[in-house]
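Q: There's a structure below that I have some questions on.
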Amino acid sequence: MAVNSLLNICADCVANSAVFYLREIHSLPSGIKDKLVQIMSSRGTISDGNISELLHPGLQTLDLQCCQVSDLALGRICCPRLKTIFLNNSPGITSEGVLSLASSCPNLQNVDLGDCVGVADEAVQALARRCKHLEVLSLSGCPAVGDVGLQALAENCSLLHTLLLSGTRITDAGIIGLLKGLCRNNLCELQVARCPVLTDETVRAVFKNCPKLKCFVFNDCPHITDQIWLPLDDIGQRNLQNLTWTVY
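Everything in the sequence shown is counted per my numbering, starting at 6 for the first residue and increasing by one.
See the structure below:
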């Protein structure tokens, strides 16, 4: 226990002064780097300038949502075992950075790009084509993401079970195309709130094609009407745990 406490104290000191120890940090064992990454990510001190020294090829989880990083940082992530990355609320991230990330981290399973307004369809295409184990993808608040990205997910991501698309520019055609693809039998959660052009067709397609659906959110979609409930009398027989919508 004393050794662990000493390690934590030392890691905390190094994390506080990482800018002075980057060369030494680079050669540290992976276990110690993991501890530094955990401390510095929670404090928001991982940056474009130090990320290369902190990471190692065996890293599996990386949380950068509190950090000021850009595409430059994503281009420096060489972690082929990385499974989970949180990048939400990162205005410096664009599709260019996500393309680099997808190329160097093919085993990604959980990717959060929520509110990364610079991310567009080409980023989604890259993730879909290069990260075939993708299970969870958040694109909420990415207004440049549309149907082209959904088509790539439909064609490549059979394991996808959670997809967050609120605040994007998707249409009925994009959702219907997605639900003809590989993931429709696994999809458990779909969020499409604040997608202004979606209509009743999307809701009908989701209920028709997603037998495992547990969470479906489509509030603030002004073209979805109360008529959707007429053919959906079997809702009570489903395993739905969260159903959220807005009545206009």
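Ideal Cβ positions, reconstructed from N, Cα and C, are used throughout, including at glycine.
Nearest-angstrom Cα distance between residue 25 and residue 140?
A: Approximately 39 Å between the Cα atoms of the pair.
Q: On the DSSP letters alone, give me the boundaries of the beta strand (DSSP E) that residue 66 sits inside.
A: 66-68 is the span of the beta strand (DSSP E), which, as asked, contains residue 66.
Q: Suppose you measure from the CA of residue 89 to the CA of residue 183; what does that come to, to the nearest Å?
A: Going from the Cα of residue 89 to the Cα of residue 183 covers about 23 Å.
Q: With DSSP run on the structure shown, which of helix, strand or coil describes residue 230?
A: Three-state DSSP puts residue 230 in coil, outside helix and strand.
Q: In three-state terms, what does DSSP make of residue 115?
A: Residue 115 falls in the strand class under three-state DSSP.
Q: Considering residue 141, what are the terminal residues of the alpha helix (DSSP H) in which it resides?
A: Where residue 141 is concerned, there is no enclosing alpha helix (DSSP H), although the beta strand (DSSP E) it sits in stretches over 141-143.
Q: Among the candidates 20, 36, 32, whose CA atom is the shortest distance from the CA of residue 46?
A: Residue 20 is the option with its Cα nearest to residue 46.
Q: Counting pairs of Cβ atoms below 8 Å between the segment 106-125 and the segment 145-164, do you hit three or more?
A: With a cut-off of 8 Å, the segment 145-164 and the segment 106-125 count as touching, because enough Cβ pairs lie within range.
Q: Judging by CA-CA distance, which residue of 170, 98, 110, 134 is the nearest neighbour of residue 124?
A: Nearest option by C-alpha distance: 98.
Q: Between residue 228 and residue 205, what straight-line distance do the alpha-carbon atoms span, to the nearest angstrom?
A: Each residue's Cα considered, the two are about 7 Å apart.
Q: Could you tell me which whole beta strand (DSSP E) segments of length 3 or greater appear in the segment 164-219?
A: DSSP runs (the beta strand (DSSP E)) wholly in the segment 164-219: 167-169, 194-196.
Q: Looking only at C-alpha atoms, which of 223, 36, 231, 91 sits nearest to residue 171?
A: Cα-wise, what sits closest to residue 171 is 223.
Q: Can you tell me whether residue 80 is helix, strand or coil according to DSSP?
A: It is coil, neither helix nor strand.
Q: Residues in the same chain with beta-carbon distance under 7 Å from residue 202, minus the five sequence neighbours each way, listed in chain order, please.
A: Correct list, in chain order: 176, 228.
Q: Nearest CA to the CA of residue 39: which residue from 214, 67, 29?
A: The candidate whose alpha carbon is nearest that of residue 39 is 67.
Q: For residue 247, name the three-state secondary structure that DSSP assigns.
A: Strand at residue 247.
Q: From what residue to what residue does the alpha helix (DSSP H) around residue 98 run?
A: Looking at the DSSP string, residue 98 is not in any alpha helix (DSSP H), and its letter there is neither H nor E.
Q: Grouping DSSP H, G and I as helix and E and B as strand, with all else coil, what is residue 6?
A: Caution applies to residue 6, whose pLDDT of 45 falls short of 50 and renders its modelled position unreliable; the value that the coordinates give is listed next. Residue state, collapsed to three classes: coil.
Q: Specify, as a first and last residue, the run of the beta strand (DSSP E) that residue 51 falls within.
A: First-last for residue 51: undefined, no H or E at that position.
Q: Do you know whose CA, among 83, 16, 216, lies nearest residue 65's CA?
A: It is 83 whose Cα lies nearest to the Cα of residue 65.
Q: Could you give the C-beta distance for residue 108 and residue 128, rounded to a whole number, given that I count them as a contact under 8 Å?
A: About 12 Å separates the two Cβ atoms, so there is no contact after all.
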